[in-house]
Amino acid sequence: MNAKKYFLSITLLLAVIAGCKKESFDDTSFVNSGVSDPAKLSVLFNITQDNTGLVTIFPSGEGATMYDVYYGDGTESFVKVGAGKNTQHTYKEGVYTVKIVAHGINGKTTELSQELTVSFKAPENLKTTVTTNGLTINVGATADYETMFHVYYGDETTSNPEPYDSFLEAQTATHTYATAGSYVVRVVALSGGIATTKHEETIKVGKQIDLPLTFDDPNYDYTTSDFGGNVSSVAADPANAANKVLKVIKPGGAEVWAGTTLGTATGFANKVAVTAANSKMTARVYSPAAGLTVKLKLEDHNDGTKSVETDAVTTVANAWQTLTFDFNNNSVGTPALNPAFIYDKASMFFDFNVGGNGKVFYMDDLKMTVPIQKISLPVTFDAPNTDYTVIDFGNNITVDAVDPTNPANKVKKTTKPGNAETWAGVTIGTAAGFPTKVPITSAFAQLSLRVYSPAAGITIKLKLEDHADNTKAVETDAVTTVANQWETLTFNFLNNSAGTPAFNSAYNYDKASVFFDFNVGGSGKVFYWDDLKLVPAPSSVLGIPLDFQSTTLNYAFTDFDGGAVTIVNNPNASGINTSTKVAKMVKNPGATYGGSFLALDNPIDFSTRKTFKMKVYSPRVGAKVLLKVENLTNGGISFEKEVLTTKANEWEELTFDYSGVNTANSYQKVVLIFDNGTSGDGSANYTFYLDDITLN
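Numbering (my numbering), first residue to last: 774 to 1469.
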């Protein structure tokens, strides 16, 4: 934005003056068609600083081919100046009105009049206006006998010649600094000769201080305001010279209430988002001793009576620690937190209520705390800022742990030791339960839990209850099927455990407990568990995705020429597929293209997604898997892709590229053929499982 001009010049960008147009009455429609009148006229005066009064005049504008320049010094004569050219004229001291008439190719004209001051005496009564906004400065000026102004911004003082911007009265020069700081701004008023008048002032620029406050961003103005005798400055971190922090000295003679406002009297750029529910701020403090009180005060910068303050106490000496300031616990005898107030200014009082004796403090990283969330569904143990407290009973022992098969995953580990009761368990959360009711209904009430058990055949009980009334409860059981590997157990509360209350949709079930190896005394067994979540109610529409989990949808496959599909239990709920239900395809003797198809309720939407994925469990590597889609009534309208299996006796996800599918066609049938081109024999070698057909 800083136009670095090294010669005396000024461009006057003025609004178009629409009046005073001279019309030609000749037929020039062939020229006028589509051609605009001259517009955006401006003029630049270059006044030679040698007391000669020689002025170079540069007219310019859009759509102009020629200019008439009237010098305005007592004669109506003018000179013609071509586009991009200039004219020179010698003036006596005085104020003149220079008129520019621009001629367009269409024969029309536009006029501009601009005042020119030619003075050989030094300008008088120089007055400047300097305003700042963040890193940007705006400069204006007025003076008597001036011809124009130069402004030097003070951030390039080592350049030779030092760059400047030029402007006239009623104009504003604008500049943006690269970094915050203090700069000396010089405004020089020029005469028509060599005489000048100068004004200097020191300004400070930078973005207004705000949270989080770190003292490291060069764009911010880290001005602080001391009171009561404190002395503060931005300094190097005593433990890390690369980090900038605030250093506060409470010297001898400082008041007991001496403090430092973090910023200027205008406070922060934004209101501090402190509320009753989110009432805490933290600051890192480096104190010379433990046991010193540090007070943090918030207030409205426009009304100091609207304030709240609270205290924290240092616990270490000559080391950084993070202090927490809870404004719900306001200092004794001070106003309580009022979230309706605009708290936008903060002050810190180090060693509060003790007179100054030279102690030195450092502080950094003032910010709002992130509220700790209560445990809620889904329970993953991985969400940040979440209280994953659990409560053991019956002598169970539960601790935080890492997944035994994936160290990056956080889980819970529950041990049922030798002295544990048969009913020993663990409540998932605190006695207050979840923040909201578990959203299960009398139509579908299922939760799932991933469990890593030491043996198959172990009963796991899951219980829901009202945290305020434990007589309102429902519980159900699931049984492990594998040992020393993860499996997903599903708990259907519509099938309540024998002898226990049935599900009641009117109850407020908001608390959950899990019982490992239920009804068996403790023997040291160890269980890992994770991912307690709702099982979504099955869709009433048969379509993609297909996961074969629904108990209400009709997965009515139509078999042909030897293919046979049924819905069965997952034969190996492990790895990438721990779901309970899958589809089983047996290729019996018949045609080489034997397979099966499923007609969906609606056509498949290929408008935005064109990649099928399907999980397959194959008896061998290299088996061909054909996934085909067809029109509901015309099998000739179809599209297919075939891929090969790469794993044997293990779930893998295959990808089918449908980018070439004709989206103008309607496809409503999904056709599956395994080992197309080879007759099956119905044996295990021709038995395949599939699941989770998705469109991505």
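The beta-carbon is built from N, C-alpha and C at its ideal position, and this holds for glycine as well.
* CB-CB under 6 Å to Ser-1323, same chain, minus the five flanking residues each way: which ones, in chain order? -> Pro-1311, listed in sequence order.
* What residue does the beta strand (DSSP E) around Trp-1196 start on, and which one ends it? -> No residue range can be given for Trp-1196, since it is assigned to no beta strand (DSSP E) and is classified by DSSP as neither H nor E.
* Give the secondary structure of Ala-1014 by DSSP, where H, G and I count as helix, E and B as strand, and everything else as coil. => Three-state result, Ala-1014: strand.
* Evaluate Ile-1145 with the Cβ neighbour count: other Cβ atoms within 10 Å of its Cβ, from every protein chain shown; 16 or more gives buried, anything less gives exposed. => That one is exposed.
* How would you write the range of the beta strand (DSSP E) that Asn-1449 sits in, first residue to last? -> It is not in any beta strand (DSSP E) - Asn-1449 carries neither H nor E in the DSSP assignment.
* **Of the listed residues Val-1211, Val-808, Ala-1015, nearest to Thr-882 (C-alpha basis)** => Of the candidates Val-1211, Val-808, Ala-1015, the one whose C-alpha sits nearest the C-alpha of Thr-882 is Val-808.
* Which partner residues of Ala-1285 appear in the DSSP bridge assignment? -> Ala-1285 is bridged by DSSP to Leu-1237.
* To do: Note down, in chain order, each residue of its chain lying with its Cβ closer than 7 Å to the Cβ of Thr-1419, except the 5 sequence neighbours on either side.
  => In its chain, beyond the 5 residues on either side, Val-1394, Glu-1425 have a beta carbon closer than 7 Å to the beta carbon of Thr-1419.
* Asked: By a C-beta neighbour count over all protein chains shown, 10 Å radius and 16 as the cutoff for buried, is Val-1175 buried or exposed?
  -> Around the C-beta of Val-1175, fewer than 16 other C-beta atoms lie within 10 Å, and the residue is accordingly described as exposed.
* To do: Return helix, strand or coil for Tyr-1431, following the three-state DSSP convention.
  => Here Tyr-1431 sits in coil by DSSP.
* Asked: Which residues in the same chain have their Cβ closer than 6 Å to the Cβ of Leu-1319, if we skip the five residues on either side of it in sequence?
  -> For Leu-1319, where only same-chain residues beyond five positions count, the Cβ hits under 6 Å are Ile-1466.
* To do: Could you tell me whether the stretch 1054 to 1070 touches the stretch 1086 to 1097, where touching means 3 or more Cβ pairs closer than 8 Å?
  => These segments touch.
* **Inter-residue spacing [alpha-carbon to alpha-carbon] between Ser-1278 and Lys-1147** => Distance between the alpha carbons of Ser-1278 and Lys-1147 is about 24 Å.
* Is Leu-889 near Val-828, with beta carbons less than 9 Å apart? -> Contact check for Leu-889 against Val-828 passes: the beta carbons are separated by less than 9 Å.
* Local conformation of Tyr-1459 per DSSP, three classes -> DSSP, read as helix, strand or coil, puts Tyr-1459 in helix.
* **Enclosing beta strand (DSSP E) for Gln-1322 [first to last residue]** => Following the DSSP letters along the chain, one finds Gln-1322 in no beta strand (DSSP E), marked with neither H nor E.
* To do: Please report the Cβ distance between Phe-1000 and Ala-1031, rounded to the nearest whole angstrom; I am assuming they are in contact, meaning their Cβ atoms lie under 8 Å.
  => 7 Å between Cβ atoms; contact.
* **Beta-bridge pairing of Ser-1369 - partner residues as DSSP gives them** => The partner list for Ser-1369 (beta bridge, DSSP) reads Asp-1332, Leu-1445.
* Of the choices Ile-1349, Gly-1348, Asn-1343, whose alpha-carbon is the least far from that of Met-1358? -> Per the Cα distances, Asn-1343.
* Asked: Could you give the distance in angstroms between the alpha-carbon of Val-842 and the alpha-carbon of Ile-967?
  -> Taking the straight line joining both Cα atoms gives about 26 Å.
* **Beta-carbon proximity list for Ile-1228, same chain, < 6 Å, skipping 5 on both sides** => The sequence given here has Ala at residue 1228, not Ile. These residues qualify, in order along the chain: Ala-1256.
* At which residues does the beta strand (DSSP E) containing Phe-1291 begin and terminate? -> In the DSSP annotation of this structure, Phe-1291 is not part of any beta strand (DSSP E), being labelled neither H nor E.
* How many whole angstroms separate the CB atoms of Thr-1187 and Phe-1300, which I take to be in contact at a CB cut-off of 8 Å? -> Contact holds; Cβ gap of about 5 Å.
* **Cβ-based neighbour list, Phe-1379, same chain, cut-off 6 Å, excluding 5 preceding and 5 following** => Exclusion of the five residues before and after Phe-1379 leaves Val-1434, Thr-1436 as the residues of its chain whose Cβ lies within less than 6 Å of its Cβ.
* Which whole-angstrom value is the C-beta distance of Ser-1215 and Phe-1276, which I expect to be below 8 Å? -> That belief holds up - the Cβ atoms of Ser-1215 and Phe-1276 are roughly 7 Å apart, short of 8 Å.
* To do: With DSSP collapsed to three states, give me the class of Thr-1254.
  => Correct three-state label for Thr-1254: coil.
* For the beta strand (DSSP E) holding Ser-939, just list the boundary residues, first then last. => It spans 938 to 940 - the beta strand (DSSP E) in which Ser-939 sits, taken as one unbroken run.
* Please look up how many angstroms separate the CB atoms of Trp-1259 and Thr-1178, rounded, as I've assumed it's under 8 Å. => Contact holds; Cβ gap of about 7 Å.
* Asked: In its own chain, which residues sit with a C-beta less than 8 Å from the C-beta of Thr-969, not counting the 5 before and 5 after it?
  -> Answer for Thr-969: Ala-895, Pro-896, Val-961, Ala-962, Leu-963, listed in chain order.
* To do: Give me the Cα-Cα distance between Ser-1060 and Leu-1139, rounded to the nearest whole angstrom.
  => Their Cα atoms are separated by approximately 15 Å.
* To do: Starting from Ser-809, follow the beta strand (DSSP E) in both directions and report where the run begins and ends.
  => Ser-809 -> no beta strand (DSSP E), and no H or E assigned at all.
* To do: Would you list the residues sitting across from Phe-1266 in a DSSP beta bridge?
  => None; Phe-1266 has no bridge partner.
* Can you round the beta-carbon distance between Val-1163 and Val-1199 to whole angstroms, since I take them to be within the 8 Å contact cut? -> Yes, Val-1163 and Val-1199 are in contact; Cβ-Cβ is about 5 Å, under 8 Å.
* For the beta strand (DSSP E) that contains His-862, what are its first and last residues? -> Element bounds for His-862: 860 to 863.
* To do: Rank Ser-1456, Pro-1151, Gly-826, Gly-1167 by C-alpha distance to the C-alpha of Lys-1360 and give the top, closest one.
  => For Lys-1360, the nearest C-alpha among the options comes from Ser-1456.
* Please classify Leu-1139: does DSSP put it in a helix, a strand, or coil? => Annotated three-state conformation of Leu-1139 is strand, per DSSP.
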